[in-house]
Amino acid sequence: MRTELVSEPADPARPNEDFAGVGLPACGQGGSLVVLDGVTPPRGGTGCLHSVHWYTARLGGALTELTVSLPDVPLSDALARAIARTAESHAETCELSHPRTPQATVVLARWSPATVEYLVLADSALLVESPDGTVTPYLDDRLSRLPRASLATDALVDATVRNKEGGFFTAAADPSVAARAVTGVLPRSEVRALAALTDGATRWTEKFREGDWTDLFTFVRKKGAQALIDRVRTLEAADREERTYLGRSKTHDDATAVYAEL
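Oh and the sequence shown: position 179 is 169 in the numbering used here, straight run, nothing missing.
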């Protein structure tokens, strides 16, 4: 089995708010991957004493453990337990009902000799390659389908669409959000490899139009996850002044890619 994990901060002087992990059980059969993209809050309070990277480290650590130690628990239940555990660790000191309490997007995958399970919440991505080379993206596209008017200001987003019915959902402090994730189970025989990516890495396809999802997957398989992120950084730097590509609110973003051949 081959795995590759690369995660880089947007700015080396600031903490990386992404999290990535791969878990391999002691029995030697199967495994899991976890990718989180911490949501950077706007200026102002979050109701929490802790940073976003504090939150993603704890939620990611809990998910890495639970997806391996509880192989019979569905991924949505594992996410709910991990959110509850993380919330409990700072409920006495922080206002967890605040709309900007630390939160993250989530990609999970877990494989056994028989199946591959997946979960996607918010705008990170999971790409699955079949033995014949077909690449299928598994996405939670609710945020991208919202009218641009509903995203006009941070205050409007928080009041009307963030973690609300008809809007989009992230993993914050409410375990029930896990039931909102995109989930599924595939036969192991239909999966050759996986790639999990935060939106800092999917810019290669979604913002810079270097190729489609199949092209992105092929790039990672042939050249590696580091090459993908290096290329994104080059494209970001070239576009720093003109901001040619719409939808890019900041020049650089934390970028994470995990590749696993099963």
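Heads up, the beta-carbon is just placed ideally off N, CA and C, and yes, glycines get one too.
May I ask which residues mark the beginning and end of the beta strand (DSSP E) holding residue i?
i: residue 9; result: 8 to 13
i: residue 27; result: 21 to 28
i: residue 190; result: Segment 189 to 196 is the alpha helix (DSSP H) holding residue 190; no beta strand (DSSP E) there.
i: residue 172; result: 172 to 177
i: residue 217; result: Residue 217 -> not in any beta strand (DSSP E); alpha helix (DSSP H) instead, spanning 215 to 228.
i: residue 251; result: 245 to 251
i: residue 119; result: 115 to 119
i: residue 291; result: Lying outside -9 to 252, the shown extent of the chain, residue 291 is not represented and no answer is given.
i: residue 263; result: The displayed coordinates of the chain run from -9 to 252. Any statement about residue 263 would go beyond what the structure contains.
Using a threshold of 8 Å, state whether the C-beta atoms of residue i and residue j are closer than that.
i: residue 183; j: residue 251; result: yes
i: residue 125; j: residue 176; result: no
i: residue 90; j: residue 15; result: no
i: residue 159; j: residue 129; result: no
i: residue 70; j: residue 165; result: yes
i: residue 173; j: residue 65; result: yes
i: residue 48; j: residue 79; result: yes
i: residue -1; j: residue 41; result: no
i: residue 169; j: residue 73; result: no
Per DSSP, what kind of secondary structure is residue i in: helix, strand or coil?
i: residue -6; result: strand
i: residue 85; result: coil
i: residue 55; result: helix
i: residue 63; result: coil
i: residue 158; result: strand
i: residue 146; result: helix
i: residue 91; result: coil
i: residue 152; result: strand
i: residue 126; result: strand
i: residue 200; result: coil
i: residue 185; result: strand
i: residue 236; result: The predicted model places residue 236 with a pLDDT of 44, which falls under 50 and marks its position as unreliable, so this point remains unresolved.
Roughly how many angstroms lie between the CA atoms of residue i and residue j, to the nearest whole one?
i: residue 68; j: residue 60; result: 8 Å
i: residue 12; j: residue 51; result: 10 Å
i: residue 240; j: residue 17; result: 44 Å
i: residue 19; j: residue 181; result: 15 Å
i: residue 115; j: residue 248; result: 11 Å
i: residue 136; j: residue 157; result: 7 Å
i: residue 109; j: residue 87; result: 24 Å
i: residue 178; j: residue 100; result: 10 Å
i: residue 243; j: residue 210; result: 19 Å
i: residue 53; j: residue 245; result: 20 Å
i: residue 83; j: residue 2; result: 30 Å
i: residue 201; j: residue 8; result: 24 Å
i: residue 217; j: residue -3; result: 12 Å
Between which two residues does the alpha helix (DSSP H) containing residue i stretch?
i: residue 4; result: Residue 4 -> no alpha helix (DSSP H), and no H or E assigned at all.
### Message
Between the segment 212 to 230 and the segment 182 to 197, can you find at least three pairs of beta-carbon atoms closer than 8 Å?
### Response
Taking a contact to require three or more Cβ pairs closer than 8 Å, the segment 182 to 197 and the segment 212 to 230 qualify as touching.
**Item:** Touching by the beta-carbon criterion (3+ pairs, under 8 Å), the segment 24 to 41 and the segment 94 to 110
**Value:** Judged by Cβ distances under 8 Å, the segment 24 to 41 makes contact with the segment 94 to 110, as three or more pairs qualify.
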